[in-house]
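In my numbering, the protein residues as written are 31 to 478.
From the three backbone atoms N, C-alpha and C, an ideal C-beta is built for every residue, glycine too.
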Ligand SMILES: Cc1cc2nc3c(=O)[nH]c(=O)nc-3n(C[C@H](O)[C@H](O)[C@H](O)COP(=O)(O)O)c2cc1C
């Protein structure tokens, strides 16, 4: 069988389920999002399923919602990404470890050091999901009264990326000679001092850790606004931005890869992996019934809170049985607001109906049998709707186990998903080149 184009699959594992009703589903582990032993089992099952990566989103504040909703949230507590992923690195061998880190509320020297450490500890499996943090409450946890303006956050992120990647290139790959005879530990001609002075950041460097095994951990991005897409085109190697249906997927795919090509990047050096909630059943009817039951577990207070956070605006004061009023633009996430307003208009939904839909994850969902789900995924792959997906599980452990035990073998049988990992590093498995060091040309030894 010719090697057809293959899907790349991430697992969206923080929160362990994006669905606010997940923890209440019969047989689900209520504390799965904050249970280390369970998370260890989940990542080992995902590695058994040959997944590319275990992805952890991250927020620097308890999600900004009223306590009536917060008290129902199974994601109110979760582990700090680097701490958890370093622990999970020691119980896995192949699966990628993608952590989210903010360019608005963190320092590039810390970020560069943490990801380089995770990459060395994991043998080259680290990835960085660059976010600018759209949660307004995060500012209050860092001594600020208000959050930075939306596009300003992205301009800072662009400079931040340059500094972090410059710090990763502090040492040449072969700088460390460790010559016990001469007592020379590293070749000082293979050390670069960054001396970065920019609009937002001033960082001297060098980084006090060897160049990551992958050269750079894999760069991921998830923003879908104008500023978000341009940052992705200039920096990202994987994009998790949402696409609610195949047409939207094709448009996002063409947009981001087109922008990258326009600045001289190879469009194949970016993998478009939209999030997809997957609910599997022995029949389509059974899978739909599971979805229906899961959605019925979403309390109105949770739904309206999810709607407010997606809109970046509080609509709980309006009549829930009336249509969505005009929503002003705020500093929150842009693309999520546009998607929800479009959905409300397209289906003429009331605020109550919208809250239920968004509360039970209103984005892309594949609900069916292993065969019908594989059909849809194959169509997205072949029609350039995406290069794969960031899979979201409906409830755990059953939703994850069912996917690995039933859907993965169907994808492998069709030749559109790997039977074995291609390489040792996340980059090699995603088919991404290893970045050259911008300050030191690779020597013959390194090239061979
Ligand atoms: C799959 C996915 C994962 C995300 N993970 C995070 C996250 O971990 N932390 C965060 O602050 N924002 C996260 N976001 C939000 C994005 O970073 C971004 O703020 C949001 O998509 C709005 O971007 P925009 O303003 O460019 O439209 C995520 C978004 C998506 C689609």
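Considering only residues of the stretch 136-193, which uninterrupted beta strand (DSSP E) runs meet the minimum length of 3 residues and lie entirely inside it, listed in chain order?
156-161
Measure the beta-carbon distance from residue 193 to residue 226 and round it to whole angstroms, keeping in mind my assumption that it falls under 8 Å.
5 Å
In terms of alpha-carbon separation, which member of 41, 172, 179 and 185 lies closest to residue 127?
41
On the DSSP letters alone, give me the boundaries of the alpha helix (DSSP H) that residue 204 sits inside.
No alpha helix (DSSP H) holds residue 204; DSSP gives it neither H nor E.
Among the residues of its own chain, which have a CB less than 8 Å from the CB of residue 31, if the five just before and after it don't count?
Because the pLDDT of residue 31 is 42, which lies under 50, any placement of that residue in the model is unreliable, and the number read from its coordinates should be weighed accordingly. For residue 31, where only same-chain residues beyond five positions count, the Cβ hits under 8 Å are 445.
Any chance the CB of residue 423 is under 7 Å from a heavy atom of ligand 1?
no
Identify the residues that DSSP records as bridge partners of residue 209: which are they?
214
Quick one: what does DSSP say residue 434 is sitting in, helix, strand or coil?
helix
Exposed or buried, which one is residue 415 when buried takes at least 16 other CB atoms within 10 Å?
buried
Sequence-distant residues of its chain with Cβ nearer than 8 Å to residue 107 (five each side left out)
63 and 64
What three-state label does DSSP hand residue 125 in the structure shown?
coil
So residue 419 packs on residue 430, CB below 8 Å; how close in whole Å?
Going by Cβ atoms, the distance from residue 419 to residue 430 rounds to 14 Å, so no, they are not a contact pair.
Strictly closer than 5 Å from CB to any heavy atom of ligand 1: give me those residues in the order they appear in the chain.
87, 88, 130, 161, 163, 164, 252, 253, 254, 255, 258, 270, 272, 305, 363, 364 and 365
By the 10 Å Cβ neighbour count, where 16 or more other Cβ atoms means buried, how is residue 242 classified, buried or exposed?
buried
Excluding sequence positions up to five away, which residues of its chain have a Cβ less than 8 Å from the Cβ of residue 150?
239, 240, 242 and 243
Tell me the residue span of the alpha helix (DSSP H) that contains residue 407.
400-412
Look at the Cβ atom of residue 168, then the Cβ atom of residue 135, and state whether they are nearer than 8 Å.
yes
Please name the residue, chosen from 460, 246 and 328, that lies closest to residue 298 on a Cα-to-Cα basis.
460
Keeping to the same chain, check which residues put their C-beta closer than 6 Å to that of residue 334; ignore five residues upstream and five downstream.
346 and 385
The alpha helix (DSSP H) spanning residue 1 covers which residue range?
A question about residue 1 goes unanswered here, because the residues of the chain that appear run from 31 up to 478.
Would you mind working out which of 236, 287 and 246 sits nearest residue 259, comparing C-alpha positions?
287
Residues bridged to residue 301 [DSSP beta-bridge criterion]
268
Taking Cβ positions, are residue 263 and residue 290 nearer each other than 8 Å?
yes
Euclidean distance between Cα positions of residue 348 and residue 98
17 Å
Where residue 235 and residue 218 are concerned, what is the direct C-alpha to C-alpha distance, given to the nearest angstrom?
14 Å
Identify whether residue 383 lies in helix, strand or coil by the three-state DSSP scheme.
helix
Which of the three DSSP states is assigned to residue 286 in this structure?
helix
Looking at residue 309 and residue 417, is the spacing between their C-beta atoms short of 8 Å?
no
The stretch 147-167 in contact with the stretch 67-75 per 3-pair CB rule at 8 Å
no
Taking the alpha carbon of residue 265 as the point to measure from, which residue in 55, 59, 465 and 49 has its own alpha carbon closest?
465
Tell whether a beta-carbon distance below 8 Å holds between residue 370 and residue 394.
no
Using a Cβ distance threshold of 8 Å, determine whether the stretch 346-365 contacts the stretch 400-416, with at least three qualifying pairs required.
no
With three or more beta-carbon pairs closer than 8 Å as the criterion, would you say the stretch 322-333 touches the stretch 43-54?
yes
Tell me, to the nearest whole angstrom, how far the beta carbon of residue 247 is from that of residue 156; I am working on the premise that it is less than 8 Å.
4 Å
Comparing alpha-carbon positions, which option in 48, 35 and 36 lies nearest residue 305?
48
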